[in-house]
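Presented below is the structure to which this report refers.
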Ligand SMILES: *Cc1c(COP(=O)(O)O)cnc(C)c1O
């Protein structure tokens, strides 16, 4: 199946807008993706005609909202191929999902137990582990990276050892684009009985992930990076480990019975879904995944690879430009710097020409420390982007460099 990119672009109202006199060129997909009309309509429809609280009403609207919310859970379950609906837990996003696992699974750990993450993690897959490690006397260790921005696995057999209880690793780096060999890491971790959490915030919009096939214990992602709303995300967890874990937050919906003396907890997934959730967010995320599923993900990955190759080749022709993250396995994200220019200035001049890129440390300061740089300029593509946009971007970049040098 080939993708009709111009038809796909028409489904995104924001892509028709302008920044000043320049048409918007949106290359900040790593931070958040734009929303297709189908998702926008779904959100409007919910607030205009369907709004009610879920799970506890006998009335029509409450039942309708509950059905839609649970149907969205089913769509997500199928998309990642979870074994059961109740292994799919709604969260606020990737950050929230990692905090849930760190705080809840972390309570099962004992002083001296080890947590393994990597030097290329997003801050949201570092700080929650630092917090629980400090609280419980756990050892936090890091897989280093190499000059190409890949995980350096030379010491992996020592890093994953009998003390390792959980390995939390990003599938795809938001700052460098590197695609990590997660299946190899999962297999090694399981050999010593360690659980594995995959940060899929940058993956499900570019490639399919089958949680049963890769056999991860947890997988987290955010709705807003996969064409859905902000403030909603997913924690997938295997049933047996989720059942061993204590609740993360207390409140309504997560209980079976409450007396003043004692509370018994609800079954999965409700045990981890305290309070009124982001109902419209969950329904909108289901719609976004349904929308994405109509396309051939292989075709999307192939098209994005073309954009990546095209942009990389053009960028490298600019004098003094250096790309950070040069692994052979990358998604369509390019981080770079240009000699004698500051990333912020370049980003500002691109913005003046209608082009949205991100500048800074991308919530990955340890990567910037590794390269001894303050930050980068990052262009991250989605499959609604085009080679024509990349040409305009290169033109605008050349103009910016001329002004700054
Ligand atoms: C965006 C991102 C996060 C954090 O996601 P939130 O939606 O801000 O919670 C975590 N990890 C990676 C790799 C990301 O790209």
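In our numbering, the protein residues as written are 725 to 1129.
All residues carry an ideal CB built from backbone N, CA and C; glycine is no exception.
Contacting residues, own chain, Cβ-Cβ under 6 angstroms from residue i (five flanking each side not counted)
| i | result |
| --- | --- |
| residue 861 | 835 |
| residue 1130 | Since the first residue of the chain shown is 725 and the last is 1129, residue 1130 is not available in this structure. |
| residue 1006 | 793, 796, 814 and 956 |
| residue 988 | 980 and 981 |
| residue 1082 | 752, 755 and 1102 |
| residue 803 | 1013 |
| residue 1090 | 843 |
Straight-line Cα distance separating residue j from residue i
| i | j | result |
| --- | --- | --- |
| residue 1010 | residue 828 | 26 angstroms |
| residue 769 | residue 889 | 45 angstroms |
| residue 932 | residue 1027 | 15 angstroms |
| residue 877 | residue 1110 | 35 angstroms |
| residue 981 | residue 996 | 15 angstroms |
| residue 893 | residue 912 | 13 angstroms |
| residue 1039 | residue 938 | 35 angstroms |
| residue 866 | residue 849 | 12 angstroms |
| residue 872 | residue 1088 | 16 angstroms |
| residue 763 | residue 1012 | 6 angstroms |
| residue 984 | residue 994 | 21 angstroms |
| residue 904 | residue 1055 | 10 angstroms |
| residue 1072 | residue 1120 | 11 angstroms |
| residue 1107 | residue 837 | 42 angstroms |
| residue 853 | residue 916 | 20 angstroms |
| residue 1030 | residue 919 | 35 angstroms |
| residue 863 | residue 895 | 23 angstroms |
| residue 817 | residue 948 | 8 angstroms |
| residue 859 | residue 847 | 18 angstroms |
| residue 887 | residue 946 | 30 angstroms |
| residue 823 | residue 1019 | 32 angstroms |
| residue 908 | residue 855 | 27 angstroms |
Spatially closest choice to residue i from the options, by CA coordinates
| i | options | result |
| --- | --- | --- |
| residue 1147 | 1127, 1060, 1071 and 736 | Lying before the first or after the last residue shown, residue 1147 is absent from the chain, which here runs from 725 to 1129. |
| residue 740 | 728, 929, 759 and 755 | 759 |
| residue 744 | 935, 811 and 1074 | 1074 |
| residue 1008 | 800, 1055 and 953 | 953 |
| residue 1049 | 817, 1077 and 1101 | 1101 |
| residue 820 | 958, 1119 and 1058 | 958 |
| residue 944 | 806, 990 and 914 | 806 |
| residue 951 | 727, 767 and 1066 | 767 |
| residue 927 | 1057, 1034 and 1043 | 1057 |
| residue 1015 | 748, 750, 730 and 765 | 765 |
| residue 1105 | 750, 881 and 728 | 750 |
| residue 1118 | 1084, 1045, 961 and 1051 | 1045 |
| residue 843 | 855, 869 and 833 | 869 |
| residue 1115 | 1092, 1053, 1129 and 1034 | 1034 |
| residue 1094 | 935, 1128 and 874 | 874 |
| residue 902 | 1019, 886 and 1032 | 1032 |
| residue 742 | 883, 1112, 882 and 1079 | 1079 |
| residue 1092 | 925, 840 and 898 | 898 |
| residue 826 | 1021, 921, 934 and 1023 | 921 |
Buried or exposed by the 16-neighbour rule on C-beta atoms within 10 Å, applied to residue i
| i | result |
| --- | --- |
| residue 969 | buried |
| residue 780 | exposed |
| residue 1068 | exposed |
| residue 782 | exposed |
| residue 929 | buried |
| residue 730 | exposed |
| residue 726 | exposed |
| residue 771 | exposed |
| residue 923 | buried |
| residue 801 | buried |
| residue 961 | buried |
| residue 1099 | buried |
| residue 1017 | exposed |
| residue 784 | exposed |
8 angstroms CB neighbourhood of residue i in its chain, flanking five on each side removed
| i | result |
| --- | --- |
| residue 777 | 786, 789, 1000 and 1003 |
| residue 963 | 807, 808, 810, 811 and 992 |
| residue 998 | 971, 972, 973, 974, 975, 976, 977 and 978 |
| residue 986 | none |
| residue 1036 | 1047 and 1058 |
| residue 1123 | 1073 and 1077 |
| residue 936 | 805, 806 and 807 |
| residue 1129 | 1064 and 1065 |
| residue 841 | 849, 850, 853, 864, 865, 866, 867, 891, 892 and 893 |
Same chain only: Cβ atoms within 7 angstroms of residue i, ignoring 5 sequence neighbours per side
| i | result |
| --- | --- |
| residue 965 | 919 and 941 |
| residue 1125 | 1042, 1062 and 1065 |
Minimum Cβ-Cβ distance from residue i to chain B less than 8 angstroms
| i | result |
| --- | --- |
| residue 764 | Absent from the structure is chain B; it holds one protein chain and no more. |
What residue ranges within the segment 978-1059 form continuous alpha helix (DSSP H) runs of no fewer than 4 residues, ordered along the chain? Taking only runs of at least 4 residues, the alpha helix (DSSP H) segments lying wholly in the segment 978-1059 are 1003-1017 and 1021-1040.
Quick one: which unbroken alpha helix (DSSP H) runs of 4-plus residues sit fully inside the segment 834-872? Chain order, please. 851-860
Could you tell me which whole beta strand (DSSP E) segments of length 3 or greater appear in the segment 898-954? 919-923 and 942-946
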